[in-house]
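Asker: Residue numbers (numbering that gives the first Met the number 0), protein chains in the order written: chain X, 0 to 312; chain V, 0 to 553; chain F, 0 to 249.
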Amino acid sequence: MTILVIAEHDNAELKPVTLNVIQAATDIVKSAGGEIEVLVAGAGCQAVADAAAKAAGVSKVLLADSAIYSHQLAENMSLLVTELAANYSHILAPATTTGKNFMPRVAAVLDVAQISDIIAVESADTFKRPIYAGNAIATVQSSEAKQVITVRGTGFDAVAAEGGAAAVEAISFAEDAGISRHVADELAVSDRPDLTAASVIISGGRGMGNGDNFKLLDGVADKLGAAVGASRAAVDAGFVPNDMQVGQTGKIVAPELYIAVGISGAIQHLAGMKDSKVIVAINKDEESPIFSVADYGLVADLFEVMPEFESKI
Amino acid sequence: MTIERESMEFDVVIVGAGPAGLSTACRLAQLAQENDTELMICVVEKGSEVGAHILSGAVMEPRAMNELFPNWKELGAPLNTPVTEDQIFLLKDEHKGRQIPNALVPKTMHNEGNYIVSLGNVCRWLAEQAEQLGVEIFPGFAASEVLYHEDGSVKGIATGDMGISEAGEQKDSYMPGMELHAKYTIFSEGCRGHLGKELMQRFDLQSDADAQHYGIGIKELWDIPAEKSEPGLVLHGAGWPMSNDTTGGFFLYHTENNQAVVGLIIDLNYSNPHLSPFDEFQRLKHHPVLKQHLEGGKRVSYGARAITKGGFNALPKMTFPGGLVLGCNAGTLNFAKIKGTHTAMKSGMVAAESIFQALSSAEQQSGNQELTTFADNFKNSWLYDELYRSRNFGPAMHKFGAIMGGAFNFVDQNIFNGKLPLTLRDNSEDHAQLKLASEAPVIDYPKPDGVLSFDKLSSVFLSNTNHEEDQLCHLKLTDAQIPLGQNLTRFAEPAQRYCPAGVYEVVEDEEGAQRFQINSQNCLHCKTCDIKDPAQNITWVVPEGAGGPNYPNM
Amino acid sequence: MKVLVAVKRVIDYNVKVRVKSDCSDVDLANTKMALNPFCEIAVEEAIRLKEKGVATEVVVVSIGDKACQEQIRTALALGADRGIQVETDQAVDSLSVAKLLKAVVAEEQPQLVILGKQSIDSDNNQTGQMLAALTAMPQATFASELTVADGKATVTREVDGGLQTLELTLPAVVTTDLRLNEPRYASLPNIMKAKRKPLDVKTPDALGVALKNNVKTLKVEPPAERQGGIVVASVDELVEKLKNEAKVIG
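#1: Of the residues F:R17, F:S143, F:V58, which one's Cα is nearest the Cα of F37 (chain F)?
#2: Classify S261 (chain F) as buried or exposed, calling it buried when 16 or more other Cβ atoms lie within 10 Å of its own Cβ.
#3: Would you verify that the beta carbon of V59 (chain F) is, or is not, closer than 8 Å to some beta carbon of chain X?
#4: Quick check: what's the CA-CA separation for D10 (chain V) versus A374 (chain V)?
#5: Would N180 (chain F) count as contacting chain X if we go by Cβ distances under 8 Å?
#6: So, helix, strand or coil for M0 (chain V), using DSSP?
#7: Any beta-carbon of chain F closer than 8 Å to the one on S172 (chain V)?
#8: When the Cα of E69 (chain F) is compared with those of F:N124, F:S93, F:V25, F:R195, which residue comes out closest?
#9: What would DSSP say about E135 (chain V), mapped onto helix, strand or coil?
#10: Mind pulling the chain X residues with CB within less than 7 Å of R225 (chain F)?
#11: If you run the structure through DSSP and keep just helix, strand and coil, what is T96 (chain X)?
#12: Can you tell me the Cα-Cα spacing of V9 (chain F) and A131 (chain F), whole angstroms?
#13: Does any residue of chain F have a CB that is nearer than 8 Å to the CB of N552 (chain V)?
#14: For A40 (chain X), name the three-state secondary structure that DSSP assigns.
#15: Only counting runs of 3 or more residues, tell me where the beta strand (DSSP E) segments fall wholly within the region 216 to 269 of chain X, in order along the chain.
#16: How do the region 311 to 318 of chain V and the region 118 to 130 of chain V stand: do at least 3 beta-carbon pairs fall below 8 Å, yes or no?
#17: Decide if the region 350 to 358 of chain V is in contact with the region 215 to 234 of chain V; the criterion is three or more beta carbon pairs, one per stretch, under 8 Å apart.
#18: What residue ranges within the region 28 to 104 of chain F form continuous beta strand (DSSP E) runs of no fewer than 3 residues, ordered along the chain?
#19: Within its chain, find whatever has a CB closer than 6 Å to the CB of M0 (chain V); leave out the 5 residues flanking it on each side and keep chain order.
#20: What span of residues does the beta strand (DSSP E) with E279 (chain V) cover, start to end?
#21: Name, going along the chain, the residues of the region 466 to 480 of chain V whose beta-carbon falls closer than 7 Å to a beta-carbon of chain X.
#22: Can you tell me which of V:V324, V:N328, V:L323 puts its alpha carbon nearest to the alpha carbon of I306 (chain V)?
#23: Roughly how many whole angstroms lie between the Cα atoms of Q368 (chain V) and P394 (chain V)?
#24: Go through its chain and collect everything with a Cβ distance to E82 (chain X)'s Cβ below 7 Å, but skip five positions before and after it.
#25: Who are the near neighbours of T195 (chain X) in its chain, counting only those whose CB is closer than 7 Å to its CB and skipping five residues on each side?
#26: Which residue from X:A225, X:K145, X:I281 puts its Cα closest to that of V234 (chain F)?
#27: Where M217 (chain X) and S172 (chain V) are concerned, what is the direct C-alpha to C-alpha distance, given to the nearest angstrom?
#28: Cβ atoms of L471 (chain V) and I517 (chain V): under 8 Å apart, would you say?
#29: Answer yes or no: does any C-beta atom of chain V fall closer than 8 Å to that of A135 (chain X)?
#30: Measure the C-alpha to C-alpha separation of E467 (chain V) and D11 (chain F) and round it to an integer number of angstroms.
#31: At a cut of 8 Å, does the region 534 to 549 of chain V reach the region 41 to 61 of chain V through at least three beta carbon pairs?
#32: Between which residues of its own chain and F607 (chain V) is the CB-CB distance below 8 Å, once the five residues before and five after are set aside?
#33: Buried or exposed: which applies to E43 (chain F), given that a residue is buried once 16 or more other Cβ atoms fall within 10 Å of its Cβ?
#34: Consider the Cβ of V14 (chain F): report whether some Cβ of chain V lies at a distance smaller than 8 Å.
#35: Does any C-beta atom of chain V lie closer than 8 Å to the C-beta of N189 (chain F)?
#36: Can you give me, in chain order, the residues of the region 80 to 92 of chain X that have a beta carbon less than 7 Å from any beta carbon in chain F?
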């Protein structure tokens, strides 16, 4: 069997999440054998294809380079992928807003069910995926002849970005559905990413003492390109506005790195951030429940260590 | 500012979709059907759905249900688990407990013929019956204010405004409340309903009654291992962990689906301000008598609710011009049986019959009068008889403590059938019983183990409670200075402990300055703060409709 | 212009889900159910289009057993004009749902179909895109802004890293994201009126759709409990670990 992985990119760079998806494909190959090919569809994206060719485990890169794919519109992407689909047992894309956008279209045209957001591969047809906002994990088995799958990047390690030497093969197929048009992109311009989109979040709790002290977090956030959040206790105490709240009744987040400062870790807060990849807790009370979920805990007075932390990262 | 509100006219408006309110609605609709007339009946319920705010033990006596729906079995009422065995324990200390021989148990505590139920599910079922009978039920709408006619009689209620920010400003989602006008308005809000409280004062309904008494009930639902499940087994008990001057008792029932419910009721006349009902309950579960049933299981839900337990002597007048207070809102619970469902239902049925009579008579069909026939109908019902016989049960416990009070109750209930020719009275107010913090022993509660016992916040999490964040705080302080100024210095601010949801906290900032914080989002609507605050400074009012717990199967 | 909104009955978002002890599924017995929040936003958007005079009729469709009529009534109470229930008590996958909706689209001929981006139970995020593919309509998922004029829908989408604006030729499919609007509350009189609004019940057979479910759920488990890690002694050690062990900072 051969697996097609659809690359995430912005025409200039291959996005790292692609490497995580290639790992998922590698896991399928491990259980069933086969090869992994990568599709790069974009405009002026030769560099992306070259980068994909170096990724570990990739045997071939298909390059569809056409203005039609410059914004990877779902209508056009699905025409392309369904055109190629006959050669593959599995079609994988990252569960990003791009992958989520066109993959179900592919599945529907192929008349197969899609499996969304997998976090583990059990076998070539059996996968684990979160349901109910991650409050339950389902193991699902597909009896479809062809698997159309989106992959949650944080569920898999990245394969090595270097070392491979796959051939890049250009694809001439380029069909424009002509029913949608890209108008504009507006990249997030604020210095601070949105909480739900940030890959790093630093949050303060009641231990911050007051709203002013949240400045202690700003410096770290600036350096890490992080969003600043807060626990409900900090919001209830009036330190910061509601929209900064992470937790059960606030925003549910799952960044690569979550730094909890002066947060005790009530279950209501944990419910909103426990799926973060790496959790750091800084709190002076070593009994705080936050330490039971933190990968790295630092028992210390936040007012003493935050300036030091900021200066050393 | 006066707001323009729309209004709607009904024959009867019912506040609260609990057993009393829904029984009123069902009985009224039945009578209308039988007599081929049409009645516009509407029930408003502050919970997000019927049953969302209902929490009870519960062992249910089916007497009222048999009368209201003689064919309830065919109709699928969720009374699925008949009681098979009663066990009563007196816990001596954290290790020892003694089972009381059946012959020595007051017979009101025997449960043959009764059912273990989820009262929430019973109410869900009653609501279905009511809707099929043509009753309009509106969950998610909280009655926030009583409306009066110029002559002072009750005109109806207004539902709360939606979409008002914490600062009191209208948000995009703002929707003004509605006026619901009725010929008769029923207040069946459950224990210490906030409109009921207003009506008690306005119409002086308690002038001939003793002081009302309350308890706080805390309950958990557990999945237990299948091999431990004994559906129908009922355990009750008293004693440890409370000292003899604090009365209350626990329950543990084995229900269907390999589940058990466990709970503790503590009388709110306790005197030690350091007492925490929540922590008493958590450590109670470690007692071998209870632990053996729960071990290997997993807690699935948590909740709390105050109960009205003053009984017959404290029962207020239940009618006033234009309406009635019913069920636990009035205090119809039979404390000798620790049961209030059948009595609440019956109070609703008697009310429905009285209202129907009135609406059928020429001179009263416009409504808004005092339903004088209710008093007679009530007095002629088995409800009155039952409550009268149990009148001494609670006061005996309060006066003589659990052991001697229990002995009195045995004699009174088993030998004299509740007809001992004396009435014990207990006119002390629950909120006035606290000793000064300095004069009461501090209680050192063990840390929860995360297996049998838990902390407050992870418990509240399982109640599924939530309130829209940006709204006015629904826990009003008459005087904002009292919590720190009086309650903290005198009673170590007991709200921090009696609240089973962690709503009240005294927090210190980095400079050491103290602040009284109200985490109203955690609120379980149990009303304990409104009852127990020693300064009677906290008034519980309804938050935006649909806020509060979302209890499944409680 | 007619707008079709597809809605789903799901567990209320305030209720914590609990996995059954036999790991067959989550336990939904007597839990509060509600309109899927993203579907509610879809209904609100359709009603706003009607209030602006852009839409002339808002039709709501849901697929499920009789209980889902409650959610259709909720949508009607918010302001939709009529409802359609496709009655089935089978668990249907997104593809079958999309096929049923395609059949409804063929009957109703809406110019715009609005759906939630995903339901908060199965979290699939598929149905809208699949419907668009099956009907050969253009799509805009994760909408945070929508304007309709001159046979085109202009949609701003929330994408990773920012916003993207697309122009679609109608008829089109739009799926909603959280920030598209804040849904209104249903008023009491509107809830009463909703009970009398028309609600058609159709069957998959009548729509000519054979339901299938080719993805079998083998088991449902609670997520692995997160284990605590290590306590570091100093800021230096913390920074070192984050750089070299966790590799989350540069």
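A virtual CB, placed ideally from N, CA and C, is assigned to each residue, including glycine.
These figures come from a predicted structure and were not determined experimentally.
Answerer: Checking against the coordinates, here is how it stands:
#1: Here residue 37 (chain F) corresponds to residue number 38 of the third sequence, with the count starting at 1. Checking every option, the nearest Cα to that of F37 (chain F) belongs to F:S143.
#2: Outside the displayed span of chain F (0 to 249) sits residue 261 (chain F), for which this structure offers no information.
#3: The residue labelled residue 59 (chain F) in the question sits at position 60 within the third sequence. False, the Cβ-Cβ gap to chain X never drops below 8 Å.
#4: Along the second sequence, read from residue 1 onward, the residue named residue 10 (chain V) stands at position 11. Along the second sequence, read from residue 1 onward, the residue named residue 374 (chain V) stands at position 375. If you take the alpha carbons of D10 (chain V) and A374 (chain V), they lie about 21 Å apart.
#5: Position 181 of the third sequence, counting from 1, holds the residue named residue 180 (chain F). Output row for N180 (chain F): interface = no.
#6: Taking the second sequence and counting its residues from 1, one reaches residue 0 (chain V) at position 1. Model confidence at M0 (chain V) stands at a pLDDT of 46, short of 50, so the residue's coordinates are unreliable and nothing is read from them.
#7: Here residue 172 (chain V) refers to the residue found at position 173 when the second sequence is read from its first residue. Output row for S172 (chain V): interface = yes.
#8: The residue labelled residue 69 (chain F) in the question sits at position 70 within the third sequence. Among F:N124, F:S93, F:V25, F:R195, the Cα nearest to that of E69 (chain F) belongs to F:R195.
#9: For the purposes of this step, residue 135 (chain V) is identified with residue 136 of the second sequence, where counting begins at 1. Of the three classes helix, strand and coil, the one that applies to E135 (chain V) here is strand, per DSSP.
#10: One-based indexing of the third sequence puts residue 225 (chain F) at position 226. Near R225 (chain F) (Cβ distances below 7 Å), the residues of chain X are K273, V292.
#11: Against the first sequence, residue 96 (chain X) aligns to sequence position 97. DSSP places T96 (chain X) in helix when its eight states are reduced to three.
#12: Residue mapping note: residue 9 (chain F) aligns to position 10 of the third sequence, counting from 1. Residue mapping note: residue 131 (chain F) aligns to position 132 of the third sequence, counting from 1. Cα to Cα, V9 (chain F) sits roughly 23 Å from A131 (chain F).
#13: What you label residue 552 (chain V) is simply residue 553 of the second sequence in a count that begins at 1. For N552 (chain V), the answer is yes, since a Cβ of chain F falls inside 8 Å of its Cβ.
#14: As a working mapping, residue 40 (chain X) is identified with position 41 in the first sequence. It is a strand residue.
#15: 226 to 229, 256 to 260
#16: no
#17: no
#18: 32 to 34, 56 to 63, 81 to 86
#19: Here residue 0 (chain V) is taken as the residue at index 1 of the second sequence, counted from 1. Residue placement at M0 (chain V) cannot be trusted, given a pLDDT of 46 that sits under 50; the coordinates are not used to answer.
#20: Working through the second sequence from its first residue, we reach residue 279 (chain V) at position 280. Here E279 (chain V) belongs to no beta strand (DSSP E); instead the alpha helix (DSSP H) covers 276 to 283.
#21: E468, D469
#22: Numbered from its first residue, the second sequence carries residue 306 (chain V) at position 307. Considering only alpha carbons, the answer is V:N328.
#23: Here residue 368 (chain V) refers to the residue found at position 369 when the second sequence is read from its first residue. Here residue 394 (chain V) refers to the residue found at position 395 when the second sequence is read from its first residue. The alpha-carbon atoms of Q368 (chain V) and P394 (chain V) are separated by roughly 35 Å.
#24: The residue labelled residue 82 (chain X) in the question sits at position 83 within the first sequence. Same-chain partners within the cutoff: F172.
#25: As a first step, residue 195 (chain X) is located in the first sequence; it is residue number 196 there, counting from the start. These residues qualify, in order along the chain: K250, V252.
#26: The residue you call residue 234 (chain F) lines up with position 235 of the third sequence. For V234 (chain F), the nearest C-alpha among the options comes from X:I281.
#27: Within the first sequence, residue 217 (chain X) is the residue found at index 218, counting from 1. Within the second sequence, residue 172 (chain V) is the residue found at index 173, counting from 1. For clarity, residue 217 (chain X) is Asp in the given sequence; the question names Met instead. Looking at the two C-alpha atoms, the distance is approximately 33 Å.
#28: For the purposes of this step, residue 517 (chain V) is identified with residue 518 of the second sequence, where counting begins at 1. For the purposes of this step, residue 471 (chain V) is identified with residue 472 of the second sequence, where counting begins at 1. For I517 (chain V) and L471 (chain V), no; Cβs fall outside 8 Å.
#29: As a position in the first sequence, residue 135 (chain X) is number 136, starting the count at 1. Not one chain V Cβ lies under 8 Å of A135 (chain X).
#30: Numbered from its first residue, the second sequence carries residue 467 (chain V) at position 468. Numbered from its first residue, the third sequence carries residue 11 (chain F) at position 12. If I take the Cα positions, the gap works out to 14 Å.
#31: yes
#32: Since the first residue shown for chain V is 0 and the last is 553, residue 607 (chain V) is missing from the structure and cannot be characterised.
#33: Within the third sequence, numbered from 1, the residue matching residue 43 (chain F) stands at position 44. Burial call: buried.
#34: By one-based count along the third sequence, residue 14 (chain F) stands at place 15. So, interface residue.
#35: Within the third sequence, numbered from 1, the residue matching residue 189 (chain F) stands at position 190. No, no contact with chain V.
#36: none
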